[in-house]
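Residue numbers (our numbering), protein chains in the order written: chain A, 3 to 244; chain B, 3 to 244. All C-beta atoms in this analysis are idealised placements derived from N, C-alpha and C, irrespective of residue type, glycine included. Predicted, not measured: the structure shown is a model, and the values here were computed from it. This report refers to the structure that appears directly beneath it.
Protein chains: 2
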Amino acid sequence: MPHGSSFLANKLRKFVRLSDRELECLAQLQSSTVDVKRGKELVREGQTGHVAYILHSGWACSSKILPDGGRQIITFPVPGDCVGLRSMLLRTADHSFSALTDAVVSRVEAPRFAGVFDDSPRLAAAILLAISWDEALVVEHLVGIVRRSAIERTAHFFFTLWHRLRLVGLATETEFTCPLSQYVLADALGLSAIHVNRVLRHLREQGLMTLKGKLVVIHDASRLKELAGHQNSPINHRVMGA
Amino acid sequence: MPHGSSFLANKLRKFVRLSDRELECLAQLQSSTVDVKRGKELVREGQTGHVAYILHSGWACSSKILPDGGRQIITFPVPGDCVGLRSMLLRTADHSFSALTDAVVSRVEAPRFAGVFDDSPRLAAAILLAISWDEALVVEHLVGIVRRSAIERTAHFFFTLWHRLRLVGLATETEFTCPLSQYVLADALGLSAIHVNRVLRHLREQGLMTLKGKLVVIHDASRLKELAGHQNSPINHRVMGA
DNA sequence: CGACGCTTTGACACAACTCAACAACCGTGG
DNA sequence: CCACGGTTGTTGAGTTGTGTCAAAGCGTCG
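So, in structure tokens, the structure goes:
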């Protein structure tokens with residue numbers, strides 16, 4: 003619980019200075035951490051349970067169910083990310099949330115959270131701003147996959163993931179762990195698993211990056227970035243509070 | 003200005019009860035309405051001008067610029083929608099905003115808005131919640147595009163647009179005005195303009211809907227809905243304030 | 001050891017894109 | 001009023017990327 007708390011607090015501090023009372027209030031939002039097993043679905047799309055989660059360790063994904071029964075993975079939260087806060091606020095989950103590996107999460111209870119709007123609206127605004135920021139990244143990703151070719155999508159995805167993982171110290175300058183199967187990647191990239199395989203081979207043969215086992219190795223970051231058509235998201239922070 | 007004001011106020015009231023003081027504060031956020039001409043780009047992606055807009059009348063789109071120089075249209079706001087609020091908060095526009103026809107908009111100035119976080123944080127939270135809600139719809143749309151075939155995308159797009167326009171009284175039970183060229187539709191649907199044309203022909207031949215001139219006629223709503231794989235977004239409101 | 005999940009590869013089909021050309025429409029100016 | 005150019009819509013032919021089906025190689029875990 004102290005960990006989850008500090009992750010979120012650190013994130014919010016990027017946006018707004020928080021008073022001790024607000025930090026206290028934030029800490030109270032979170033109950034103790036929970037261990038979940040690989041494959042466990044914590045939230046199902048359409049469900050009305052009023053709970054959000056903060057990912058502490060492990061891999062997970064939030065996804066939307068498609069009309070044909072498949073799923074589109076919206077994002078892979080990295081440790082420290084909040085998932086489902088908006089769903090909680092809007093009363094109905096607009097996406098599912100599942101653990102992909104064994105993971106540790108913190109639960110954020112809706113009843114406690116609701117009170118924040120009246121007791122500490124400034125904190126509520128800060129949290130919503132953080133959500134909004136995450137959402138901007140999701141849109142970025144989805145727009146990225148609509149118009150890009152399979153190779154570009156994949157390059158873009160791994161480049162972005164690498165970047166995000168470095169921010170939280172889970173990737174080095176050349177590699178990172180990524181326990182995602184090609185089926186899971188397919189659901190995230192909007193491709194068939196078979197084609198994901200072909201694309202990965204292509205990236206490997208071009209000497210750009212390798213995914214072997216659960217390890218991603220970046221061989222040529224600049225060419226990968228170029229292929230991805232990556233543009234640094236120029237989003238700034240610090241908007242509230244002088 | 004009174005119009006733009008009431009549009010936004012009505013929207014926020016779906017989420018939270020607002021005091022007179024907060025309504026007052028909200029009204030002050032907006033300056034007078036502005037007429038803009040067809041084709042005018044009000045916000046460019048990456049720009050740091052601190053202004054958001056409320057669309058009052060006319061057609062517009064928010065879009066993201068793609069690495070290859072093209073654009074992906076994110077959404078067509080309907081009258082009453084706010085555009086760019088989050089961009090304003092995050093200091094840098096993460097999408098462009100252009101008028102597609104002559105239009106009337108209200109400007110929301112950032113300097114005034116910034117103060118709201120400290121002066122009326124409850125209102126700020128309400129606005130952020132509204133933004134978050136809009137964002138959920140955008141994600142819905144983008145996810146809709148990724149996995150659907152061209153015909154399904156198009157059916158889904160028009161069905162959703164029709165629904166949104168009816169909510170604001172701009173569509174009847176059978177038709178609505180839609181001054182979007184096939185090139186613009188292509189940018190929104192992630193297709194080539196030529197293929198949009200073929201798809202529209204298909205929809206016409208199947209007796210589902212017709213786009214002729216600037217008029218969309220829905221011939222068979224239920225079959226269109228079925229083809230679109232439409233699922234009513236089950237998002238509820240009213241979370242803050244008893 | 002066997003069973004299962006994940007990866008890899010090949011052959012084939014089809015959806016969507018590109019290029020190229022032409023037709024319809026619309027506003028403008030002679 | 002008609003002629004004009006520009007924009008938008010329409011259609012065909014050929015190409016390419018991606019999905020589907022089928023099957024074989026690996027690894028891992030029980």
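From what residue to what residue does the beta strand (DSSP E) around residue i run?
i	result
SER1(A)	No answer is possible for residue 1(A): the residues shown for chain A start at 3 and end at 244.
PHE159(A)	First-last for PHE159(A): 152-169, but that is the alpha helix (DSSP H), not the beta strand (DSSP E).
ALA62(A)	62-67
Show which residues of chain B have a CB atom less than 7 Å away from the CB atom of residue i.
i	result
LEU131(A)	LEU91 and LEU130
HIS72(A)	The sequence given here has Gly at residue 72(A), not His. Near GLY72(A) (Cβ distances below 7 Å), the residues of chain B are ARG149.
GLY215(A)	None at all; the shortest Cβ gap to chain B is about 28 Å.
For residue i, return the contacting residues in chain A, with the cut-off set at a CB-CB distance below 7 Å.
i	result
SER134(B)	ARG88, LEU130, ILE133, SER134 and GLU137
LEU68(B)	ARG149
GLY192(B)	VAL148 and ARG149
Does DSSP put residue i in a helix, a strand or coil?
i	result
PHE178(A)	strand
GLU43(B)	strand
ALA116(A)	helix
VAL186(A)	helix
LEU214(A)	A quick correction: the sequence has Lys, not Leu, at residue 214(A). In this structure, LYS214(A) counts as strand in the three-state DSSP scheme.
VAL80(B)	coil
ALA173(A)	strand
ALA95(A)	coil
ARG19(B)	coil
SER194(A)	coil
ASP70(A)	coil
SER235(A)	The predicted model places SER235(A) with a pLDDT of 47, which falls under 50 and marks its position as unreliable; any figure quoted below should be read in that light. Note: SER235(A) maps to coil in three-state DSSP.
Taking Cβ-Cβ distances shorter than 9 Å, what residues in chain B pair up with residue i?
i	result
GLY51(A)	Residues of chain B passing the Cβ test: none, with the nearest at roughly 13 Å.
Identify the continuous alpha helix (DSSP H) that holds residue i and give its terminal residues.
i	result
LYS23(A)	The question names Lys, but residue 23(A) in the sequence shown is Arg. Segment 22-31, the alpha helix (DSSP H) holding ARG23(A).
ALA128(B)	123-149
LYS227(A)	223-230
LEU57(B)	That residue, LEU57(B), is in no alpha helix (DSSP H); its beta strand (DSSP E) goes 53-59.
Below 8 Å on C-beta distance, what does residue i contact in chain B?
i	result
VAL198(A)	In chain order: nothing, as chain B lies at least about 14 Å away.
GLY231(A)	LEU68, PRO69 and ASP70
Run down chain A in chain order and give the residues with a C-beta less than 8 Å from the C-beta of residue i.
i	result
ILE76(B)	VAL141 and VAL145
Short-range partners of chain A found in the stretch 20-39 of chain B, where Cβ spacing is below 7 Å: none
The stretch 15-30 of chain A touching the stretch 60-71 of chain A, judged by at least three CB pairs closer than 8 Å: Counting C-beta pairs closer than 8 Å gives fewer than three between the stretch 15-30 of chain A and the stretch 60-71 of chain A, which falls short of the contact rule.
The stretch 160-170 of chain A contacting the stretch 120-138 of chain B, beta-carbon criterion three pairs below 8 Å: no
Touch test, the stretch 207-222 of chain B against the stretch 177-189 of chain B, Cβ-Cβ under 8 Å, three pairs minimum: yes
The stretch 73-91 of chain B / the stretch 75-85 of chain A touching (three or more Cβ pairs under 8 Å): Below 8 Å, too few C-beta pairs join the stretch 73-91 of chain B and the stretch 75-85 of chain A to call them touching: fewer than three.
Validate contact between the stretch 106-118 of chain B and the stretch 52-64 of chain B using beta carbons, cut 8 Å, 3 pairs: Cβ pair count under 8 Å is three or more, so yes.
Segment contact flag, the stretch 142-161 of chain B with the stretch 38-50 of chain B, C-beta cutoff 8 Å, min 3 pairs: Short answer: they don't touch.
The stretch 41-53 of chain A contacting the stretch 14-25 of chain A, beta-carbon criterion three pairs below 8 Å: no
Segment contact flag, the stretch 203-215 of chain B with the stretch 127-136 of chain B, C-beta cutoff 8 Å, min 3 pairs: no
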